[in-house]
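For the sequence shown, my numbering gives the first residue as 39, with consecutive numbering after it.
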Amino acid sequence: MMKHSVLILCTLAPALAFGQAFDRTQAPPLDAPPALKLPMLERTSLSNGVTLQLVQQHELPLVQLTLVIVGGTKLDASQPGLASFTARMLTEGAGTRDANALQSELAFLGAQLFASAGTDAFTISLNVPRRTLEQALDLLGDVVLRPLFRAADVRRQRDLRLAGILQRRDNANILALLAFNQLVFPPGHPYHRPSDGDSAATAALDSAMVRGFYDQTFVPERAKFVIVGDVTVSEMRTLLTRRFSGWTRGTTARTMAAVTAKPVSNAQVKVYLVDKPNAPQSVIYLGAPGADRLSPDYPALMVMNTILGGSFSSRLNSNLRETRGYTYGISSQFSWQPLPGPFVISSGVRSNVTDSSLVEIFREVKMLRDLMVDAAELERAKAYVALGVPQRFETNAQIAGQLVSLGYFGLPLTSLGDFVSKVNQVTATDVQRVARQYLPAGTATLVVVGDLAKIRAGIEALQLGPIAVLDVQQVAR
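Shown next as structure tokens:
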């Protein structure tokens, strides 16, 4: 027993000595961010013009393939929700398989296949083990080139979507998001309406409409493959040529009309309330039109937003969650999209502190605009942003996602290295400058969804700006 005691004391002695010399009242210094090492990107194309971008990752026998087709919900025109519905129907049956057979075969191969429509593009992603890649590519070929769009399947999915649209009225977070987008982005702007459309447009969906939209939008000249995994570029070119070289335009491609509608910038704060009787909390959306991803202010904006509400230790979260206990969490963010999205501060707060929460939110925005950030807070925020970049390259799917995202803006992979360098050069003066330019202290659009019988008087007493009450049925139509 004595030997064991001596051994433990000898083992702990260096640690105890280190603990005595270590000043626990001071945070340890931050190391400089390591140099960013980006993967090598290879390019080629198929005979029909479809491009391939590939990153070799041979550590694991896995392959991530993402097909990107430019278009997305921008092509909805007068049929809101049609693009996302068409993407949803791709996996409801393709080739000789119905939805159940397709999913069963994917599961047998250890593969996952998803299709979706964003504002600017359709994406079909396939994640598969290397050993079953060829069989999975056969399924991908059917989904992309030979979807069934059977009338019975369209009716079933249409009814499910209609039920989901009706449920919007009971979800305060969705109501706040819908109302905010409708107010900041006018009719005609692609961000004005949700990607799943409205009940009237959804009720009109049928198989012929979906098939016609697919024929006009799934065209090879707008397509590219982004591939990351245990493969080579010559190998993937051969495999994809075998399955996609016959993909040619069937009909005239649907025109992507230029967006002429401009976001709404207020001359003062405007307050919009949505009544949700008996709601135990209020959902707050406060914001304005955002910034361009290609702006030279992008690095400074990322640092500034990290300080305000872009991290768990941000000012907003530290104040409203940690200090005051008003909320489980609050955040701020810029939505980076090819057309500049909004800047939004959002949170759910207890009903009885709705007005107090708004006071604190506006106070934090004003302080960031009026006062310089100190050196320690600035360095933490810069390190948070810079060190977050390597985390985007941990998996095949993350690497592919970065390539797809950069592609929307026409940016090369090397731009991320430039971004990290510019983040490290951001100064306190830069943070204050972009805070004053982009944070909507006196021009915000404020949406609050909650029990107006409990919260309206408190909000009115703040005298933030003119108040209007929105109808739930109109917001969630």
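Glycine is no exception: its CB is placed at the ideal position from the N, C-alpha and C atoms.
The structure presented is a predicted model; accordingly, all values stated were derived computationally and were not measured.
Taken through DSSP and simplified to helix, strand or coil, F123 comes out as helix. The beta carbon of F152 sits closer than 6 Å to the beta carbons of S163 from its chain, once the five residues preceding and following it are set aside; these are given in chain order. Setting aside the 5 residues that flank it on each side, T82 is surrounded in the same chain by L90, V271, R275, each with a C-beta closer than 7 Å to its C-beta; the list follows chain order.
Nearest to P318 by C-alpha distance, out of G87, A491, R515, is A491. Look at P376 here: in three-state DSSP terms it is coil, with no helix or strand label.
Between the segment 293–309 and the segment 319–333, the count of C-beta pairs closer than 8 Å reaches three or more; the two stretches touch. Going by beta carbons, N434 and V266 fall inside the 7 Å limit. At a Cβ-Cβ threshold of 7 Å, T157 and P258 do not count as neighbours. Between A419 and V341, the C-beta spacing is below 7 Å. Taken in chain order, the complete beta strand (DSSP E) segments of 3 residues or longer contained in the segment 443–509 are 483–488, 505–508. Residue nearest to A506 within the set G386, V485, L186 is V485 (criterion: CA-CA distance). Taking 7 Å as the cut-off, the beta carbon of F146 is found no closer than this to the beta carbon of G109. Cβ neighbours of P167 within its own chain (closer than 8 Å, five residues either side excluded): P99, L100, V101, L147, G148, A149.
If you check the CB distance, S233 and T111 come in under 7 Å.
Taken through DSSP and simplified to helix, strand or coil, Q150 comes out as strand. If you ignore the 5 residues before and after E172, its C-beta comes within less than 8 Å of the C-beta of L277, all in its own chain and listed in chain order. For L120, the closest alpha carbon among the candidates V248, F381, V297, G455 is that of V248.
A210 is positioned such that its CB atom lies no closer than 7 Å to that of V93.
One thing to note: V182 has its Cβ no nearer than 7 Å to the Cβ of G503. Around the C-beta of D393, 16 or more other C-beta atoms lie within 10 Å, and the residue is accordingly described as buried. When secondary structure is reduced to three states using DSSP, N165 falls in the strand class.
Rounded to the nearest whole angstrom, the C-alpha separation of V411 and W285 is 55 Å. Q64 sits in coil when the DSSP states are folded into three classes, being neither helix nor strand. With contacts defined as CB atoms closer than 7 Å, V387 and T365 qualify as a contacting pair.
Per the coordinates, the alpha-carbon of L444 lies some 43 Å from the alpha-carbon of I493. Annotation: the continuous alpha helix (DSSP H) that includes L200 extends over 189–205.
Under the DSSP assignment, T270 falls outside any alpha helix (DSSP H); it carries neither an H nor an E label. In the DSSP annotation of this structure, the continuous segment of the beta strand (DSSP E) that includes A326 starts and ends at 319–327. By the C-beta density criterion, P185 is buried, having at least 16 other C-beta atoms within 10 angstroms.
For the pair E402 and R199, the Cα-to-Cα distance works out to about 40 Å. Beta-bridge partners assigned by DSSP to R280: none are found. Within its own chain, the residues whose Cβ lies closer than 6 Å to the Cβ of V106, once the five positions on either side in sequence are excluded, are A159, T161, K262, V442, listed in chain order. In the DSSP assignment, Y310 falls within the unbroken beta strand (DSSP E) covering 308–313. For a cut-off of 8 Å, the C-beta gap from N343 to Q375 is around 16 Å, too long to register as a contact. Contact between R281 and G179 holds: CB atoms are separated by about 4 Å, below the 8 Å threshold.
Within the same chain, and ignoring the five residues on either side of V510 in sequence, the residues whose Cβ sits closer than 8 Å to its Cβ are R207, L213, V312, D313, K314.
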